[in-house]
Amino acid sequence: MSVVTFGSLVLLVLGLVGFQPTATQAQVGPLEVKRGPVETRSFDGLAEGPYNRLVIRNVMVIPGHGGPPTGPHDILIEGNLIAEMRSFDPVAAEAAAQQGQPLERLTGDRVIEGNGMYVMPGMVDLHYHPREDPLPLEYTHYLKLAHGVTAGIPGSTPRTFQMHEQHREAEAYQRLTPRMFPIWQWGFNTESTLLEREDPAQAARIVQAMRDQGAHVFDVGRGGYHWSYEQLEAVASAVTAVGGITTYHLPPNTTNLIDAVDAARAGVTLIEHLYGYAEAALPQQQDFPRDYHYDDESHRFRQAGRVWVEAGENPETRERLLNQVVDSLVVYGATMIPTRVTYEVNRDFLRGSSLPWHEKYTHQALIDWNIPDPASHAAHHWDWTSDDEYYWYYAFHLWGELIYKFNQKGGTVAYASDDNYQWATAGFSNIRELQLMRETGMHSLEVLKSATYTSARALGQPQLGLVRPGYLADLLLVDGNPAENFRYLYSFGAIRRGEGNAMYRTRGIVHTIKDGVVIQNERLMEAVARMVAESKAGVTSNLVDEPFRVDRR
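For the sequence shown, my numbering assigns the number 1 to the initial residue and increments by one for each residue that follows.
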C-alpha cells in the first residue's frame, strides 16, 4: 500500500504540553465487582447508592442480547453486581395472597416497585465529545446518564487526563459520571520522534508505552502522520496484543490510499462515521471539484455527502458497494460505529438548528460553536444549499442500505453519537441515534443490542451489556417498552393515550442505575437546565435564530 498523508486534519489539539502524568494518574483500570459490605452514599440529592441489597420488583426485562422482553422479574443487586433474577407471576401472587400464603419476595435495603416499567442494560456510547471550557464536564455527564448512557469513549480533548481521573473517582463512588475510556491519539505522551511513530518496527514499543500510562482506546485516525498500510497493521496488531482497541476516523482526503476495507483488513477495531465506504467502491479517485480545499470545511462536508451520489448513481459501483465492499468488511471483522445523528443536520439544517430542546437544554457554548463559522470545526453551514442537503439525503439512504446489508450478513454494528457537534446535543442525540439506526431497517431489538451488548464487547468490557446475574449493575428503568418506541427513552418521554382518551407523557428513563447507584434522572435534567439558564443569561439572539425570535416587551 502507498503512504497515507493526513495533511492538516487535526480536529482536536490535546494541548497538554508539559503535563507528564504517572501511570497512577492516568490509569482507567479494569472494572471491579464490589459486592461485599458497601457504604451507601448520596450524590448531592441527584443519586444514592450503592446498596448491600437493592431490589427492583415486578419489571419486564429487555436482556440486551437481541431477544424480546421477558418477565415480570424481581432483580436483586448486591453492591454493583446483579446477583439474582427471580420470575414473578402477579396472578399467582394474588391467588397465593388470597389463600393466606403470600409468595416470598426479594427484600433489600431499598426496594423499587417497577410496576409497568421495563429494565434494559445501560447503553455504551463509543464516540462522543465533552468538548472544552466553558462547557462543564458535568453538563455532558448528566445528559448522558439521564438518557441511558452508562459507559463510553469521550473523544480526545485537553481534558483527557481529567476524564481518566473522574472515571476513577466515579468508580470509588466519589463522583457521578458514566464509565469513561478516553481516546489517546497515536503516540501521545511517549518519548518518540515523528519518524519513530511512523515506523512499523516501533509500533509495539510505543503501544506499550501508551498502555502503561492507561491508554485503552488508541486513535489512529488523526494526528497528521504519514501512515502506511504496514504501519496501520503493525499498530492494530500491537494494540490488540495488549488488550486495547483501535478506532479510525478515515480522513476524506486520503481514502484513495486507505479506505474502509483497507482499515478493516489491517485489523482496526472500530471504523467511525461514514467515510471510506463509498470511496472503496469507486474504480478511480473520488471526483473532487478542481477548486476543492480540504481545510475549508464547507468543501469537506459537502463532498463527503456527494461521494455517495457518485458511488450510488452508477449501477456498477452501487452493486460493488453493497456486495463486495460489505462482504470484505464482514470477512475482515470490522466493527462499524456509524454516528448518524451528528450528520443529520447536513440533510436538513433548519430542523437540526431548531430542535425543541436547544432553548432549555443546549448550553450556550454549544450554540456559539454551532453558528456557521470557518474557525469552528463542523460549523460549516454557510452557503449550504438545497443541493448539499440533497447529497446528504441521498448519502443517508445509501449509507443506511450499507449498514443494513452489513448487519444482515453478520457484520458488527455498534453504537456511538459523536455529540456535542453539529447541533447534536449530548443525551438527546443518543436517543435520536437509535431512531436513525432503526431507519436503516435494523430491527428495534437489534438496535438496542448494538447500543448495549455489542458495544460493551467492542469496548472490551464483557461485564457490561446484559441484564443477567453475574453482570455489573448498569441498568435503565424505563417508563415504557423501548423496543416498542425509542422515544420512551427521551428525558421528556413520549405522548400516549390513556383512559378516556386522555393524553399524557411518559416519564422517560425514571432511574439510570450506574455501578449500583440509583440516579434520579428528573433531578439531573433540572441541574442541566440550571447550567444552561446560567450560560444564556444576557444572551438575546444569534444569526440562526434571530428571524424567529419574538419580542414580547
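A virtual CB, placed ideally from N, CA and C, is assigned to each residue, including glycine.
This structure is a prediction, so every number in the text was calculated from the model and none was measured.
Cα separation between residue i and residue j?
i	j	result
A23	V326	With a pLDDT of only 36 at A23, under 50, the local geometry of the prediction cannot be trusted, and no value is derived from it.
N501	P251	52 Å
I112	V518	10 Å
S228	E198	8 Å
L270	F218	10 Å
I153	P178	10 Å
F181	E191	22 Å
G49	V220	38 Å
V345	D387	14 Å
R211	V61	37 Å
A378	Q435	22 Å
A93	L46	34 Å
V528	P158	22 Å
E526	N481	24 Å
H511	D296	44 Å
K34	A264	37 Å
E104	F88	10 Å
S353	Y390	17 Å
P21	V307	The predicted model places P21 with a pLDDT of 39, which falls under 50 and marks its position as unreliable; any figure quoted below should be read in that light. Approximately 42 Å between the Cα atoms of the pair.
L398	P283	18 Å
F548	L257	46 Å
D383	S298	8 Å
H164	L31	13 Å
T254	Q408	29 Å
L477	W392	36 Å
G18	E84	The predicted position of G18 is uncertain, since its pLDDT is 33 and thus under 50; a value taken from the coordinates is nonetheless stated next. The alpha-carbon atoms of G18 and E84 are separated by roughly 49 Å.
Y142	P136	10 Å
K405	L322	7 Å
G36	Y51	10 Å
R351	S328	36 Å
R600	W369	The question about residue 600 has no answer, for the chain in this structure spans 1 to 553.
P469	P63	11 Å
E439	E433	10 Å
Less than 7 Å between the C-beta atoms of residue i and residue j, yes or no?
i	j	result
V124	S455	yes
V59	M120	no
I337	E272	yes
G214	A236	no
S417	V341	yes
F486	I403	no
A241	P200	no
G148	I513	no
G441	Y453	no
L126	A451	no
F428	H381	no
G460	I245	yes
N542	A146	no
T506	D479	yes
Beta-carbon within less than 6 Å of residue i's beta-carbon, same chain only, minus the 5 sequence neighbours each way: which residues are those?
i	result
T140	P130, A426
Q25	Note that Q25 scores a pLDDT of 41, beneath 50, so its modelled location is shaky; the value from the coordinates is reported in the next line. No residues qualify anywhere along the chain.
M437	V447
D515	N80
Y490	I431, G508
L54	I77, G108, R110
P134	A365
Y248	V220, G221, A263, V268, I271
Y488	V478, G480, P482, A494, T506
Can you list, in chain order, the residues of its chain whose CB lies under 7 Å from that of residue i, leaving out five sequence neighbours each side?
i	result
G410	V330
P72	N58, V59, M60, F88, P90
V539	Q364
G114	I56, R57, N58, V59, L477
A280	D259, A260, V261, V325
Y394	W308, V309, G312
H65	K449, Y453, L466
Keeping to the same chain, check which residues put their C-beta closer than 8 Å to that of residue i; ignore five residues upstream and five downstream.
i	result
G67	L445
Q303	P252, Q286, F288, P289, Y292
R503	One point to set straight first is that residue 503 is Met, not Arg, in the sequence displayed. Cβ neighbours of M503 beyond the five flanking positions: I495, R496, R497.
Taking only beta-carbon positions, decide if residue i is within less than 7 Å of chain D.
i	result
R86	The question asks about chain D, but that chain is absent: this structure has only one protein chain.
Exercise. Let me know the beta strand (DSSP E) ranges lying completely inside the stretch 416-481, each 3 residues or longer, listed in chain order.
Key: 475-478
Quiz item: Within the chosen definition, does the stretch 193-211 reach the stretch 163-173 through at least 3 CB pairs nearer than 8 Å?
Solution: no
Quiz item: Pairing CB atoms from the stretch 352-368 with CB atoms from the stretch 407-423, are three or more of them under 8 Å?
Solution: yes
Quiz item: At which residue ranges does the stretch 271-343 contain complete beta strand (DSSP E) runs of 3 or more residues, listed in the order of the chain?
Solution: 335-337
Self-check item: Continuous alpha helix (DSSP H) assignments of at least 4 residues falling wholly in the stretch 334-395
Solution: 349-353, 358-361, 364-370
Practice problem: Would you check if there are 3 or more beta carbon pairs closer than 8 Å linking the stretch 69-79 to the stretch 494-510? | Solution: no
Quiz item: Can you find at least 3 beta carbon pairs, one from the stretch 371-379 and one from the stretch 471-487, that sit closer than 8 Å?
Solution: no
Exercise. Pick out the complete beta strand (DSSP E) segments inside the stretch 185-238, 3 residues or longer, and give them in chain order.
Key: 217-219
Quiz item: Curious, which full-length alpha helix (DSSP H) runs of at least 4 residues does the stretch 475-541 contain?
Solution: 521-535
Quiz item: In chain order, which beta strand (DSSP E) runs of at least 3 residues are fully inside the stretch 24-109?
Solution: 47-49, 51-61, 70-79, 81-87
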